[in-house]
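Note that the protein sequences, when read in sequence, are chains A and B. 81 is the number that the numbering used here gives to position 81 of the first sequence; each next residue is one higher, with no gaps. 1143 is the number that the numbering used here gives to position 143 of the second sequence; each next residue is one higher, with no gaps. No residue lacks a Cβ here, since even glycine has one placed at the ideal position from N, Cα and C. Inspection log for the structure reproduced underneath, given as C-alpha cells.
There are 2 protein chains.
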Amino acid sequence: MRLTEREIVAVLRHHHYKITPQRRAVIQTITAVTSHVTPTAIHERTHREHPNIGLVTIYRTLEILARLKLICELHAGDNCPSYTIGTPEHHHHLICSGCGQVIDFTRHDLTKLERDLSAETGFEIKSHVLDFTGFCGSCQKQKHRTT
Amino acid sequence: MRLTEREIVAVLRHHHYKITPQRRAVIQTITAVTSHVTPTAIHERTHREHPNIGLVTIYRTLEILARLKLICELHAGDNCPSYTIGTPEHHHHLICSGCGQVIDFTRHDLTKLERDLSAETGFEIKSHVLDFTGFCGSCQKQKHRTT
DNA sequence: AAAGTAAATGAAAATACTTTTCATTTGGAT
DNA sequence: ATCCAAATGAAAAGTATTTTCATTTACTTT
C-alpha cells in the first residue's frame, strides 16, 4: 500500500504547506512512477505537463516531502540520491545494477539486531537501510550476449 | 583484519597498475584513517605530506581501488560518497548522524534472506548494504543542550 | 644501466549537481 | 475582496566530479 496523491496533499495541508499547482504536479509524477527517480528525472517528467516548472521547485518540494517521510530516499551507486513515494510500512530494496529498477520488500525484522547493537555501542538507533544489489532476470540474459 | 598498504600495493601490481608515489600516498592516508572519508578529505590529508598531489589523482585512484574492492564505498546522507579501507570480511555500518563517525560490524547473516529473495524475484544478488543510522553516545548528550 | 613506451600526472576547462539570492507571484486566511 | 507570508522562477553562486591534453614517470626491454 503506497501513499496516494490525496493523502500526501492532506499531510502537507496539515503542516500548513500551501498546495500549489507545482507541488501537485511533483506529487502526481512521483505517485505515478513505480521506480526510484532522481530529481532531474522528476523534473523532466513533470515538465511535460507543466512546462514552466523549475528544477529548483523540484528540489524544494522533495526536501519537504522527505522531511515529512512521505517519500523514501535511496542512496546507492549511480543515481545516487533518488526518491520514491513512501510506503507507510518500512521497507527495503532490491536494486538491479543493469537497468536500475528497484523492487521494494518489507520482509525481515531487524529489531533484535538493532537492540543488541544499541546496547553494545551506546548508539540511539534511528533508522536503517537494507539494500540488495544484483541483476534482474532480463539483465542477466543481456550480460551473456556478445554485444 | 583490515588490508594493509603492502597488501593493496601487491594487488595493484598484480593488476599491472603502476605504483606511483601519489598512489602510495593515497593508500597510506586511507589505511591510516579509521573512519570513512570523502575524496576531498583524503585529498586534504594526503596534501599535507605531498603538497603537489591533485584532487583528480585522488578520484582516479579511488576509482581503481573501488573497482578492485580494496576500499569500501559508503553512500549515506551527507558525505554521500565516502570510502574506507576494505576489510576482507563483509561488514555493515553504524553511522552517527551527529558527528559522522562510522562503526563497522560484521555480525548478522543475511544469506538465507538473500536466497529467498533471489528465488522469488529471479534476481542474481551480488551484494547488499546494511547501514544503521542514529546518534552516538556523545551526540545524544549534545542534542539535549540548548545550543 | 639506458632507452623506449604506455600509463599516470597536474592544471585547466568542462560538465553536472545543488543551493542561495531576490524580485515577483499566489494560496489561503481574514 | 484584501492582504501577507510563503512559494516560485531565473540567475548566480557554490560544490562536486569528469574530461582534455601536454608533460612526466614507472617499469619493461634491451
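For residue i, the residue or residues it bridges with in DSSP
i: V227/A; result: The requested residue 227/A is not part of the displayed model; chain A covers only 1 to 147.
i: I173/A; result: Absent from the model: residue 173/A. The displayed extent of chain A is 1 to 147, so no value can be given.
i: F123/A; result: Answer by DSSP bridge pairing: none, since F123/A is not bridged.
i: I103/A; result: L94/A
i: H1128/B; result: F132/A
Pick from the options that is closest to residue i, judged by C-alpha positions
i: S127/A; options: L1074/B, H1093/B, S1138/B; result: H1093/B
i: S1035/B; options: D1109/B, I1095/B, K1069/B; result: I1095/B
i: E1049/B; options: A1119/B, P1021/B, H1075/B; result: P1021/B
i: L1130/B; options: C1072/B, H1091/B, E1114/B; result: H1091/B
i: T1004/B; options: I1030/B, I1019/B, Y1017/B, K1018/B; result: I1030/B
i: T1040/B; options: Y1059/B, V1033/B, A1032/B; result: Y1059/B
i: A32/A; options: T57/A, H16/A, R6/A; result: R6/A
i: D1116/B; options: F123/A, H16/A, H108/A; result: H108/A
i: G122/A; options: E1124/B, E1120/B, Q1140/B; result: Q1140/B
i: T1057/B; options: L1113/B, K1112/B, H1043/B; result: H1043/B
i: E73/A; options: T38/A, T46/A, R45/A, H47/A; result: T38/A
i: Y17/A; options: T61/A, K112/A, F132/A, T84/A; result: T61/A
i: E114/A; options: I1125/B, F1132/B, E1124/B; result: F1132/B
i: H1075/B; options: S118/A, P81/A, I125/A; result: P81/A
i: R2/A; options: K112/A, A119/A, I85/A; result: I85/A
i: I8/A; options: T46/A, R45/A, L70/A; result: L70/A
> Counting pairs of Cβ atoms below 8 Å between the stretch 100 to 111 of chain A and the stretch 41 to 55 of chain A, do you hit three or more?
Replying inline: The stretch 100 to 111 of chain A makes no contact with the stretch 41 to 55 of chain A, as fewer than three CB pairs between them are under 8 Å.
> Which residues, in chain order, does the stretch 113 to 135 of chain A contribute to contact with chain B at a C-beta distance below 7 Å?
Replying inline: Answer set for the stretch 113 to 135 of chain A: L113, E114, L117, T121, G122, F123, E124, I125, K126, S127, H128, V129, L130, D131, F132, T133, G134, F135.
>> Under 8 Å: do the stretch 1025 to 1033 of chain B and the stretch 1058 to 1075 of chain B share three or more Cβ pairs, one atom per stretch?
In response: The answer is yes - the stretch 1058 to 1075 of chain B touches the stretch 1025 to 1033 of chain B, with three or more Cβ pairs under 8 Å.
>> With three or more beta-carbon pairs closer than 8 Å as the criterion, would you say the stretch 125 to 139 of chain A touches the stretch 1012 to 1021 of chain B?
In response: Judged by Cβ distances under 8 Å, the stretch 125 to 139 of chain A makes no contact with the stretch 1012 to 1021 of chain B, as fewer than three pairs qualify.
>> Tell me which residues of the stretch 52 to 65 of chain A have at least one Cβ-Cβ distance to chain B shorter than 7 Å, keeping chain order.
In response: Hits within the stretch: zero.
> Any residues in the stretch 14 to 46 of chain A with a beta carbon nearer than 8 Å to a beta carbon of chain B? Which ones, in chain order?
Replying inline: Residues passing the 8 Å Cβ filter: none.
> Going along the chain, which unbroken runs of the alpha helix (DSSP H) with 4 or more residues stay wholly within the stretch 9 to 38 of chain A?
Replying inline: Correct list: 21 to 32.
> What residues in the stretch 1100 to 1112 of chain B have a beta carbon less than 9 Å from any beta carbon of chain A?
Replying inline: Answer set for the stretch 1100 to 1112 of chain B: I1103, F1105, R1107, H1108, L1110.
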